[in-house]
Amino acid sequence: MCYNKMRCAKIRRNLSAYIEKELDADTTNMVAQHLLSCNACKDAFNALHRLLQELSVMEKVKAPDDFMDSLQARIKKDYLFGRLARSLRVPSGIKVLLQLGAGVAMAGLLFFIVRPPEIKRIAQSDPVGIQVERESNAVKSALPAKSSAVDEKPESPPLIELALLLPGQLTERRDVFQPFMESEAGLTKKDLKSRKQKATSMESDTPAALGRAAALSTSDINKIVRKIKGRLVKIEYNSRNNSPKIFTVEMPAHEYENFLRALQGIGKLSRPPAFSPAPESKLAEVRVRVLVQVP
Amino acid sequence: MVNNRSRRSSISDAELIKEFQGGAEGAFDELVIRYKDRIVNLCYRLLGDYQDACDTAQDVFIKVFEALIKFKFQSSFYTWIYRIAVNTCLNRIKSLEFRFKKMIKRVGNPEIRGNPSLSCSDEFLSPAASLESKERSIIISGAIDSLSGLKKTVVVLRDIEGLAYNEISEITGLKPGTVKSKLARARAGLRKKLKNVL
Numbered sequence: 001m002c003y004n005k006m007r008c009a010k011i012r013r014n015l016s017a018y019i020e021k022e023l024d025a026d027t028t029n030m031v032a033q034h035l036l037s038c039n040a041c042k043d044a045f046n047a048l049h050r051l052l053q054e055l056s057v058m059e060k061v062k063a064p065d066d067f068m069d070s071l072q073a074r075i076k077k078d079y080l081f082g083r084l085a086r087s088l089r090v091p092s093g094i095k096v097l098l099q100l101g102a103g104v105a106m107a108g109l110l111f112f113i114v115r116p117p118e119i120k121r122i123a124q125s126d127p128v129g130i131q132v133e134r135e136s137n138a139v140k141s142a143l144p145a146k147s148s149a150v151d152e153k154p155e156s157p158p159l160i161e162l163a164l165l166l167p168g169q170l171t172e173r174r175d176v177f178q179p180f181m182e183s184e185a186g187l188t189k190k191d192l193k194s195r196k197q198k199a200t201s202m203e204s205d206t207p208a209a210l211g212r213a214a215a216l217s218t219s220d221i222n223k224i225v226r227k228i229k230g231r232l233v234k235i236e237y238n239s240r241n242n243s244p245k246i247f248t249v250e251m252p253a254h255e256y257e258n259f260l261r262a263l264q265g266i267g268k269l270s271r272p273p274a275f276s277p278a279p280e281s282k283l284a285e286v287r288v289r290v291l292v293q294v295p
Numbered sequence: 296m297v298n299n300r301s302r303r304s305s306i307s308d309a310e311l312i313k314e315f316q317g318g319a320e321g322a323f324d325e326l327v328i329r330y331k332d333r334i335v336n337l338c339y340r341l342l343g344d345y346q347d348a349c350d351t352a353q354d355v356f357i358k359v360f361e362a363l364i365k366f367k368f369q370s371s372f373y374t375w376i377y378r379i380a381v382n383t384c385l386n387r388i389k390s391l392e393f394r395f396k397k398m399i400k401r402v403g404n405p406e407i408r409g410n411p412s413l414s415c416s417d418e419f420l421s422p423a424a425s426l427e428s429k430e431r432s433i434i435i436s437g438a439i440d441s442l443s444g445l446k447k448t449v450v451v452l453r454d455i456e457g458l459a460y461n462e463i464s465e466i467t468g469l470k471p472g473t474v475k476s477k478l479a480r481a482r483a484g485l486r487k488k489l490k491n492v493l
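Line order of the protein sequences matches chains Y and S.
For the first sequence, the working numbering gives the first residue as 1, with consecutive numbering after it.
For the second sequence, the working numbering gives the first residue as 296, with consecutive numbering after it.
Below, the structure is given as structure tokens:
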């Protein structure tokens with residue numbers, strides 16, 4: 001019986017290496033001496049020895065008879081395409097480029113699908129389109145007449161942009177002291193919410209249009225267009241009060257001056273036209289942005 | 296065809312691999328014939344289920360078929376295919392499907408709870424084995440199966456397959472010292488579990 005439990009634990013840790021004859025001479029001697037005197041450790045040693053014998057003679061399973069056939073069938077079925085791809089042997093440089101291209105295309109597609117609502121809204125609204133169109137037309141107008149004559153495509157009429165300032169009545173005005181006074185007066189949540197919505201919608205308009213543009217109606221525009229024998233191409237309304245915000249008119253080039261005069265009869269043209277239509281052009285396209293002047 | 300087969304059965308693994316890399320797919324068949332039993336046995340010992348072992352062994356040979364064209368002879372084919380087999384089995388053990396299947400087996404057979412390998416299909420074992428040794432073998436298999444992945448791997452590779460420490464180290468990617476310590480702990484665990492059998 002061995003009473004030195006720490007020594008026994010150390011011996012048992014070394015039993016595996018002792019059986020494998022991997023211990024140095026001193027430790028091997030120490031283990032051998034201990035096994036002679038400690039029955040518990042000797043039992044453990046014998047059990048380990050029997051375990052290793054059992055493991056070494058364990059039955060070996062064999063592959064089933066149809067292993068080879070089913071493996072060949074799987075290889076033919078699953079890896080026909082893989083072998084075909086291998087046989088193409090795409091160079092690694094091109095492979096990297098293809099992977100990069102596929103990654104970029106995937107990222108673009110994902111961005112298009114899950115783009116933020118803010119970007120979607122901007123993309124759907126016309127002002128950007130107007131701006132792009134304006135830039136493209138500015139480029140077109142900057143081209144010399146010779147190059148435009150060479151161009152085979154039918155030439156679109158030059159686009160002229162104007163801003164019409166109407167003498168407006170500012171029905172609501174933001175006062176820096178107003179919120180404070182209102183809060184002091186104990187406004188309900190609903191009132192505050194409606195005030196906030198109004199303020200937001202006002203801020204979302206163009207800076208000049210702080211008031212409500214109600215002085216110009218669609219019928220006024222139609223009248224002017226009929227007068228100059230033109231055509232109303234497009235009209236956009238202010239979402240807040242349904243008054244015309246931007247309208248585009250196509251007209252005979254020689255009626256351009258009359259159109260300006262008709263507009264000046266309604267309001268002030270804050271942005272004088274940068275150029276008149278060229279004498280040889282038969283049509284002119286004018287885009288007018290309607291703004292309400294702050295009193 | 297028959298001559299080719301008999302010629303291949305006498306040449307080394309490395310020469311077969313070179314033939315395969317040169318376009319002779321028949322060389323791969325010879326490698327499969329040489330290693331299929333060993334790989335199925337290894338997978339069976341690691342997974343504890345014969346059908347799973349056969350499926351996984353097929354996966355191993357498919358991986359070998361795919362990668363053999365790039366084999367660079369930096370290690371022996373023997374250790375290379377064993378490494379693939381061990382990794383495939385360890386991944387299989389980790390897979391949810393395998394765990395679920397094992398759990399279903401245990402729930403379906405409450406008497407084998409705690410001794411999972413009793414569910415192994417043992418009809419493929421040698422018919423010459425006696426009933427007693429068969430039972431003993433099943434109990435030992437169950438004890439091995441209850442070990443954790445790497446401990447089970449080192450016990451199977453060292454004590455059942457009889458590989459050297461450096462080969463086990465190469466196959467598992469562990470340092471030789473770690474292999475030895477894991478083996479000692481695994482053996483001690485097995486000895487405790489099989490106290491009544493040994």
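By construction, the Cβ of each residue, glycine as well, lies at the ideal position given by its N, Cα and C atoms.
Note that this is a predicted model, so its numbers are computed, not measured.
Three-state class that DSSP yields for residue i in the structure shown
i	result
LYS268/Y	strand
ALA362/S	helix
ARG240/Y	coil
PHE247/Y	strand
ALA309/S	helix
VAL57/Y	coil
VAL492/S	coil
LYS229/Y	coil
GLU456/S	coil
LYS470/S	coil
VAL114/Y	coil
LEU35/Y	helix
LEU159/Y	strand
PHE368/S	coil
LEU23/Y	coil
GLU257/Y	helix
ASN14/Y	coil
ASP78/Y	helix
CB contact below 8 Å: residue i versus chain Y
i	result
ASN461/S	no
PHE360/S	yes
SER464/S	no
ASN386/S	no
ASN336/S	yes
GLY472/S	no
GLY317/S	no
VAL327/S	yes
ASP332/S	yes
ILE399/S	no
ARG303/S	no
Beta-bridge partners of residue i, as assigned by DSSP
i	result
ALA44/Y	Looking at the DSSP assignment, ALA44/Y forms no beta bridge with any residue, so it has no partner.
ALA284/Y	MET251/Y
LYS234/Y	THR248/Y
CB contact check: residue i to chain S, cutoff 8 Å
i	result
MET58/Y	yes
MET30/Y	no
LYS10/Y	no
MET106/Y	no
SER239/Y	no
ALA17/Y	yes
ALA298/Y	Missing from the structure shown is residue 298/Y; chain Y here goes from 1 to 295 and no further.
LEU52/Y	yes
LEU71/Y	yes
PHE111/Y	no
Rounded distance between the beta-carbons of residue j and residue i, thought under 8 Å
i	j	result
ILE376/S	ILE334/S	7 Å
THR374/S	ILE466/S	6 Å
LEU337/S	VAL451/S	7 Å
GLU59/Y	SER432/S	6 Å
GLY103/Y	PRO167/Y	The Cβ separation is near 57 Å, so there is no contact.
Members of the stretch 432-446 of chain S near chain Y, C-beta cut-off 7 Å: SER432 and ILE435
Near-chain Y residues of the stretch 352-376 of chain S - C-beta to any C-beta below 8 Å: ALA352, GLN353, PHE356, ILE357, PHE360, GLU361 and ILE364
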